[in-house]
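Worksheet for the structure shown next.
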Amino acid sequence: MRTPSRILVLGTGGRENALAWRLAGERGVEAVFVAPGNPGMRDVAQVRPDVRADEVTAVLALVAAESIELVVVGPEGPLVDGVADALRAEGVVVFGPDAGAARIEGSKAFCREVATVAGIPMAEGDVFDSVASALAYAQRLRPPVVVKADGLAGGKGVTVCHTLEEAEAALTDALVLSAFGTAGRRVVVERALVGREASVIALCDATTAVALPAARDHKRLGEGDSGPNTGGMGAYSPVAELDAELVADILERFHRPILAELARRGTAFRGALYAGLMLTEDGPRLLEFNARFGDPEAQALLPGVAVPLAPLLLAAAEDRLAAAATRLGVAESTLPAAAGHSVAIVLAAAGYPGRPRSGDVIEGVEDARNESALVFWGGVAARGDERLVTAGGRVMTLVARGPSLEEAAERAYRAAGRIDFAGRQMRRDIARSAVGVGVR
Ligand code: AMP
Ligand code: GLY
């Protein structure tokens, strides 16, 4: 089993911090670099703020100078822009799909088209580029319907519309007023599904998918799922309704058919394939595919993976995932996980998700760590005196594990309570709606 000893993670957020922390702690991994990263990651990795994830020449120079054996691409932007293609073209080993496969996330119209051919269960829907035709279709479906901007919109391009008037407004915003720029030049209109959501993320190569345990994200800013959509305000894992057997079933019905169809088209997927699902009365339905790990799902999931991840990511990148998984004793479709539960709480800056405020000094980090929580950094910068200040929307994620979901949430919140910065935003009901504890 080959372990890459020098790894580069591309990205800046909590997900990339969790990846760097996890990989740096594994046997055989000698050095982890993060570019551009953030100053909160310096404890676990060599941070290279001078190298942007989308500047291929600079990334290639870093790979050569530091003898990097594996590049792990964190966020969707560089993947959709073809950074993985450009690195592979120069012989670099990359975990993360080429642009042709990342389009599964980069275009919701493309995703629907491929998913339809692959026979994946999803809401009735179609693709439109004019308000009149989209509205006629919405009328036929009858509200509630969902209007989705086709392209990447940072989680903000989806509107659930309860009336035709709301649908018309959402369609006008996207198609006429360009509220999402070019991402909204086309839209998907879908029937609204009812149920609870779950994320199933699988490590994939061209033909093999191995899942992490299911996770649940909390996407709205406010408690009780109120307020605007965000990138995700907290997550927990595992999800009670999705045991290993059901996760294996989801792999079979969602991930594997998409892998097969992408490979058939000559755009094989190699990376983390994220299925966002609605668990409806009629079974799971696809909401979206993402071409990467979720944030904050990764922060919740990675600490609990009970087999070494570095050799698996390398194997996925080199199209030998099935053999590597077998050699690690992964007999089932799901990676072995440590016993217990994991809860991740996001602390966001004042003004998030609109215009996050920068420069608020963050206090209490040592106290939070003393509560045995993991601290993963996202939107932060270092001041002249080396103190960390807010510098982005989702500032940090606190992660705790416990024997029960309640206990894990208790621990994560105890740690989160130690952190202080002006305007801090935090949901108090992460993982708690699931266990009937309710909002405190
Ligand atoms: P997406 O980016 O497609 O995952 O959409 C973002 C969020 O919009 C999802 O997490 C759901 O909460 C919601 N959503 C998307 N599609 C639907 C649907 N067909 N029915 C109900 N809610 C949806
Ligand atoms: N947490 C949702 C996402 O990463 O897309």
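Count the sequence shown with my numbering and you get residues 816 to 1255, in order. All residues carry an ideal CB built from backbone N, CA and C; glycine is no exception.
Where does residue 922 sit, in a helix, a strand or coil, going by DSSP? Taking the sequence shown and counting its residues from 1, one reaches residue 922 at position 107. In the structure shown, residue 922 sits in coil (DSSP, three-state: anything other than H, G, I, E or B).
Counting C-beta neighbours from all protein chains within 10 Å, is the total for residue 829 16 or more, i.e. buried, or is it exposed? Looking up residue 829 in the sequence shown gives position 14. Burial call: buried.
Can you find a heavy atom of ligand 1 that lies under 7 Å from the Cβ of residue 963? Counting from one through the sequence shown, the residue named residue 963 turns up at place 148. True, at least one ligand heavy atom lies under 7 Å from that Cβ.
With C-beta atoms as the reference, is residue 953 less than 8 Å away from residue 871? In the sequence shown, residue 953 corresponds to position 138, counting from 1. In the sequence shown, residue 871 corresponds to position 56, counting from 1. Not closer than 8 Å, so no.
Let me know if residue 1200 comes out buried or exposed under the rule of 16 or more other beta-carbons within 10 Å of its beta-carbon. Locating residue 1200 in the sequence shown gives position 385, counting from the first residue. It is exposed - the Cβ of residue 1200 has fewer than 16 other Cβ atoms within 10 Å.
Which stretch, first to last residue, makes up the alpha helix (DSSP H) that contains residue 1062? Looking up residue 1062 in the sequence shown gives position 247. Unbroken alpha helix (DSSP H) run through residue 1062: 1059 to 1065.
Could you check which residue in 996, 963, 997 and 998 has the C-alpha nearest to that of residue 981? By 1-based counting over the sequence shown, the position of residue 981 is 166. That would be 963, whose Cα lies nearest to the Cα of residue 981.
Given that a residue counts as buried once 16 or more other Cβ atoms are within 10 Å of its Cβ, and exposed if not, what is residue 991? As a working note, residue 991 is residue 176 in the sequence shown. Result: exposed.
Element boundaries [beta strand (DSSP E), containing residue 941]: In the sequence shown, counting from the first residue as 1, residue 941 sits at position 126. Residues 940 to 943.
Does the separation of the CB atoms of residue 1106 and residue 1086 fall below 8 Å? One-based indexing of the sequence shown puts residue 1106 at position 291. One-based indexing of the sequence shown puts residue 1086 at position 271. Yes, the Cβ-Cβ distance between residue 1106 and residue 1086 is below 8 Å.
Which same chain residues, not among the five before or five after residue 998, have their C-beta less than 7 Å away from its C-beta? Locating residue 998 in the sequence shown gives position 183, where the first residue counts as 1. So the qualifying residues of the chain are 964, 965, 966, 967, 968 and 972.
Ligand 1 heavy atom lying under 7 Å from the CB of residue 816: Residue numbering aside, residue 816 sits at position 1 when the sequence shown is read from its first letter. Answer for residue 816: no, Cβ out of range of ligand 1.
Do residue 1093 and ligand 1 come close, with the Cβ less than 7 Å from some heavy atom? Position 278 of the sequence shown holds residue 1093. At least one heavy atom of ligand 1 is nearer than 7 Å to the Cβ of residue 1093, so yes.
What residues does ligand 2 have around it, judged by CB closer than 5 Å to any heavy atom, in chain order? 1032, 1047, 1109 and 1110
Check residue 1212 in the structure and name its three-state DSSP category. On the sequence shown, position 397 is the one that residue 1212 refers to. Strand, per DSSP.
Spell out whether any CB of chain D is found under 8 Å from the CB atom of residue 1149. Annotation note: the requested chain D is absent from the structure, which comprises a single protein chain.
Can you have a look at residue 1048 and say buried or exposed, based on whether 16 or more other CB atoms are within 10 angstroms of its CB? Here residue 1048 refers to the residue found at position 233 of the sequence shown. When all chains shown are included, residue 1048 counts as buried.
Confirm the yes/no value for this check: CB of residue 1102, any heavy atom of ligand 1, distance under 7 Å. Residue numbering aside, residue 1102 sits at position 287 when the sequence shown is read from its first letter. True, at least one ligand heavy atom lies under 7 Å from that Cβ.
Under a Cβ-count criterion, where at least 16 other Cβ atoms within 10 Å of its own Cβ denotes burial, should residue 844 be classed as buried or exposed? Counting from 1 along the sequence shown, the entry for residue 844 is found at position 29. Under this definition residue 844 is a buried residue.
Ignoring anything shorter than 4 residues, give me the alpha helix (DSSP H) runs that lie fully in the stretch 943 to 1025, in order along the chain. 946 to 956 and 979 to 990
Closest Cα partner of residue 1246 within the set 855, 1234, 1216 and 1233: Sequence index remark: in the sequence shown, residue 1246 carries index 431 (1-based). Considering only alpha carbons, the answer is 1216.
In terms of residue numbering, what span does the beta strand (DSSP E) encompassing residue 885 cover? Translated into positions along the sequence shown, residue 885 becomes position 70. From DSSP, the beta strand (DSSP E) with residue 885 extends over 885 to 888.
Reducing DSSP to helix, strand and coil, say where residue 1167 ends up. By one-based count along the sequence shown, residue 1167 stands at place 352. Coil.
Within 10 Å of its beta-carbon, does residue 931 have 16 or more other beta-carbons around it, so buried, or fewer, so exposed? Here residue 931 is taken as the residue at index 116 of the sequence shown, counted from 1. Exposed, by the Cβ-count rule.
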